[in-house]
Amino acid sequence: MTTRGALEGLTVIETAERVSGEYTGKLLADLGAEVVKVERPGGAPSRAMGPFAAGESTLFAYLNTNKKSVVLDLADGADRKVLDRLLARAHALIDDHDEGWCRAMGLTPERVSRAHPALVHALVTPFGQDAPESWQGARPINVIAAGGWAYHSPSETPADKPPLKGAGRFLSDYEAGIDAALAAMASLLRLRREGRGQFIDISEVDVQLNRIDCVLGRMLAGEAEPSDARTAYDMGGPGTSFACRDGHVFLLMTSRAHWQGLCALMGNPAWTRELREDWLEFDCTPPNVARFREHFTGWIAGQDKHPVTEAAQKAGVPMVPVQTANDLPHHEQFIHRGFFQQAVHPAFGEVSYPTAAYRMSATPVAVKAAAPRLGADQEDVLDAAS
Amino acid sequence: MPRPDRKGPLAGIRVIELTKVWAGPYAGKLLAHLGAEVIKIESRSNLDEMRAYGGVDIDAAPYFLSINQEILSVQVNMKTAEGLDLVKRMIAQSDIVIDNIRPGAMARSGLDYESLRAIKPDLIQCAIKMWGTDGPLGYQTGYAPCFAALSGLTALVGHEGETPRGMNIRYGDSTAGALAALACLAALHHRESTGEGQFIDLSAVEAMTSLVGDSLFAASVTGDVPRADGNVHPEMAPHGFYPCGESGWTSIAAANEAEWQALCGTLGAPALAADPRFETLADRLSNRAELDAELSALTRPHDTADLAERLRNAGVPAFKAMSSMDLCADAFLWGRDAFRMVSDHRNGSRPIIGPSWRISPEGPQVERGAPLLGEHNGYVYRELLGLSEGEMDDLIARKVID
Chain A
6 MTTRGALEGL
16 TVIETAERVS
26 GEYTGKLLAD
36 LGAEVVKVER
46 PGGAPSRAMG
56 PFAAGESTLF
66 AYLNTNKKSV
76 VLDLADGADR
86 KVLDRLLARA
96 HALIDDHDEG
106 WCRAMGLTPE
116 RVSRAHPALV
126 HALVTPFGQD
136 APESWQGARP
146 INVIAAGGWA
156 YHSPSETPAD
166 KPPLKGAGRF
176 LSDYEAGIDA
186 ALAAMASLLR
196 LRREGRGQFI
206 DISEVDVQLN
216 RIDCVLGRML
226 AGEAEPSDAR
236 TAYDMGGPGT
246 SFACRDGHVF
256 LLMTSRAHWQ
266 GLCALMGNPA
276 WTRELREDWL
286 EFDCTPPNVA
296 RFREHFTGWI
306 AGQDKHPVTE
316 AAQKAGVPMV
326 PVQTANDLPH
336 HEQFIHRGFF
346 QQAVHPAFGE
356 VSYPTAAYRM
366 SATPVAVKAA
376 APRLGADQED
386 VLDAAS
Chain B
6 MPRPDRKGPL
16 AGIRVIELTK
26 VWAGPYAGKL
36 LAHLGAEVIK
46 IESRSNLDEM
56 RAYGGVDIDA
66 APYFLSINQE
76 ILSVQVNMKT
86 AEGLDLVKRM
96 IAQSDIVIDN
106 IRPGAMARSG
116 LDYESLRAIK
126 PDLIQCAIKM
136 WGTDGPLGYQ
146 TGYAPCFAAL
156 SGLTALVGHE
166 GETPRGMNIR
176 YGDSTAGALA
186 ALACLAALHH
196 RESTGEGQFI
206 DLSAVEAMTS
216 LVGDSLFAAS
226 VTGDVPRADG
236 NVHPEMAPHG
246 FYPCGESGWT
256 SIAAANEAEW
266 QALCGTLGAP
276 ALAADPRFET
286 LADRLSNRAE
296 LDAELSALTR
306 PHDTADLAER
316 LRNAGVPAFK
326 AMSSMDLCAD
336 AFLWGRDAFR
346 MVSDHRNGSR
356 PIIGPSWRIS
366 PEGPQVERGA
376 PLLGEHNGYV
386 YRELLGLSEG
396 EMDDLIARKV
406 ID
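Line by line, the protein sequences give chains A and B.
At position 232 of the first sequence the residue is numbered 237 (the numbering used here), and the sequence of numbers has no breaks.
At position 277 of the second sequence the residue is numbered 282 (the numbering used here), and the sequence of numbers has no breaks.
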């Protein structure tokens, strides 16, 4: 197997200091680009963010695989000139700072394009360029609030329960990183063909909106009623998570075949006859959903998630385990696809890296290098740029 | 050559889509919104389900119109050998093929990667499947909330102490599509460097897993299994949604002393600022439940948008939890072209959700709404494949173009 990465030959400078920009850089680095992370003296902010092990940030170790590290004080004139030399031989700059910082560091879109016309400059910010200054410090929970997913998650949330921030701390950052890497790669392709750079303004909130295009789009067009209902994005029906003996399962049921399969799986208890055979298609009222859930909750509580969902799949019922971090590394399909890559990290020892959802036949994504020590590549990178 | 009126960084790239519902069409949309020419293969006898949802007119279906802007539509009946041959001729003139149809269906039609590579040696093909194309569960199909549950993401989303119910049931398809588009572009770069195409095998489950990568990696290092944690942040307090009035909520995330003091000041709550339970960030993190209760009582009398704005002006990151109504009416989003108008066959114009990027100079155009079924038959058959009008009429008469 070749070890060539898809983006080999491309050099990217990362001045980003938030997760959205760091993740953009990670996506490009894991695809084979040479990504040089420019860290402030003392190190990138994510080096100081937990969880920690052996005195090091696991977050930093995850977000910065396959990158190089140089330390530059961009407020210092000499170091700022070094950055310009790096940019002169790079193909792209990834940044995620607010306007004030960009002005102070001479890294506004105008300055960058004037000094480096053959550079792709991607700037990821919470609300995009020209947002009011007081909005520019938004954190992920504010972004997911502004984009609407928080208000509508989970489905069926009652009005007295708070909206949710989503999975982990950085869901909106990862989504934005995907779009930033996508647009940057598109622009880099143009750069290779035409020799000209571009500026890419990515709004994290706009990414959130785009991900719900066919639900919110119908409301914009007046084909569905926009409202203040927490359930405005919901689909109805009995699908949700249920507690079982050793965890949780998620059941989605939409057809008569699903219902028949589930009845058989449960041994056709008497209560199932309270519902029509075709209730999911033609009689899926809130009282029927509630009636179903009341009975089903009792039955599923006595089941174990893996055996019951395996039996459900065989019966044609879309019921799956709600998998946890403990389940995934042992899951046969994840193992088959090699999603988790085992490697030795200098501080942590044997670790398991989540890799990418795309298996590429010619250029497989791989963690070839652990996240760099602070300034690990100072001499090499600066020599090459001098 | 692709149609000359497309601008943007992917101008000159042609994509063939055999996609349905959401994840696959979303991948095509993103590439089209970057300037690629994206041709969707459709047929009356095998429609994208989205053309049927929400109405009876397949050319004015709300879901379909809300996704497929700047897409070209060509009709081909792939149940005929002639139709399949025409699809292959289109692929021979394309750079990328994307599908999200049932596992095995492409191979059964002779459209597997090895067969297509014989026609177009440097082709990039991307298959989007629930579990990828092979492996012990490769045969399974499913819907987005199932991907999310299997992926590890749902387990991390829920109110504290409750069954983790996950993100809204609509979450997942679009992200899988975005990652498919991303991988296709990476493959274009490899082709640009080496002349080599490749096959991309995307798992929608893993697309969701990659969104919780840091949590999984940390678990592998520390052994601590993460679980649904409401709105808890291990390094910020307060951090969460606080009620305003009957149904409003504002998000507040305070990371340090200055933000905490500014928050107490804005709420006019000197007692809170002086409360020893909340004196340091460490105290606030330890006494989070009490802190949230005190704050909720203080925020409830306020108007959501007004409070969030006053907090931001005082230096505290805050924003209203936007409802669908708030979003549709939001002047900032309209002003930024986050929402914009495209052409529409029935009404002249239609609002859509624009791309997340503004690219300059020479950015991509997003102006044309979703296509009528077969709207671009003429372009594809006459200009691209070079058929005569008579040949095309014959294919229509024999329902090969259908």
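For each residue, glycine too, the CB sits at the ideal point set by N, CA and C.
Quantities reported herein were computed from a predicted structural model and do not represent experimental measurements.
By the C-beta density criterion, G137(B) is buried, having at least 16 other C-beta atoms within 10 angstroms. As computed with DSSP, V325(A) is found in a beta bridge with F255(A). Taking 9 angstroms as the upper bound on Cβ-Cβ separation, chain A lies near residues E201, G202, Q203, F204, I205, D206, L207, S208, A209, V210, E211, A212 of the segment 201-212 of chain B. By DSSP's assignment, G245(B) forms a beta bridge with I257(B).
Under a criterion of Cβ atoms nearer than 7 angstroms, the residues of chain A adjacent to E197(B) are, in order, L194, R197. If the five residues before and after G359(B) are omitted, its C-beta is found closer than 7 angstroms to the C-beta atoms of D342, A343, F344, R345, V371, all from its own chain and listed in chain order. Within a 10 Å sphere around the beta-carbon of D251(A) sit fewer than 16 other beta-carbons, which makes this residue exposed. Residues of chain B whose Cβ lies closer than 8 angstroms to the Cβ of A164(A) are, in chain order, E251, S252.
Distances from the alpha-carbon of A212(B) to those of R170(B), T309(B), G182(B) put G182(B) closest. At a cut-off of 8 angstroms, the C-beta of I101(B) has no neighbouring C-beta in chain A. Taking 9 angstroms as the Cβ-Cβ cut-off, the segment 299-333 of chain A approaches chain B at Q318, P323, M324, V325, P326, V327, Q328, T329, A330, N331, D332, L333, given in chain order. Taking the Cα positions, E251(B) is about 17 angstroms away from E161(A). With a threshold of 8 angstroms between beta carbons, Q346(A) makes no contact with chain B. At least one beta carbon of chain B lies nearer than 8 angstroms to the beta carbon of G133(A). As DSSP reads the structure, L77(B) sits in a beta bridge with I44(B).
Taken atom to atom, the span from the alpha-carbon of G173(A) to that of W27(B) is near 25 angstroms.
Taking a cut-off of 8 angstroms for Cβ pairs, the segment 62-74 of chain A and the segment 33-53 of chain A touch, as three or more such pairs fall below it.
For a Cβ distance threshold of 9 angstroms, residue set G59, P67, Y68, L70, S71 of chain B lies close to R223(A), ordered along the chain.
The Cβ of Q370(B) sits no closer than 8 angstroms to any Cβ of chain A. Around the beta carbon of T285(B), a 10 Å sphere encloses fewer than 16 other beta carbons of the protein chains shown; the residue is thus reported as exposed. Here the alpha carbons of L207(B) and Y179(A) stand approximately 18 angstroms from one another.
The continuous stretches of alpha helix (DSSP H) do not include S357(A), which lies in the beta strand (DSSP E) extending over residues 354-359.
In summary, the residues of the segment 105-136 of chain B whose CB is separated from some CB of chain A by less than 7 angstroms are W136, in the order they occur in the chain.
Contacts between E240(B) and chain A, judged by CB atoms closer than 7 angstroms, involve M54, G55 in chain order. If you check the CB distance, A390(A) and R94(A) come in under 8 angstroms. The alpha-carbon separation between V76(A) and G320(B) amounts to approximately 29 angstroms. With respect to chain B, the C-beta atom of S158(A) has a partner C-beta closer than 8 angstroms.
The beta carbons of I183(A) and L187(B) sit closer together than 8 angstroms.
Collapsing the DSSP output to three states places Y179(A) in a helix. Residue state for C289(A) is assigned as coil, using DSSP reduced to three classes. With respect to the C-alpha of V17(A), the residue from M54(A), A11(A), L92(A), T8(A) having the closest C-alpha is L92(A).
If the five residues before and after G152(A) are omitted, its C-beta is found closer than 6 angstroms to the C-beta atoms of V210, Q213, L214, all from its own chain and listed in chain order. Just so you know, the alpha carbons of L64(A) and L270(A) end up roughly 43 angstroms apart.
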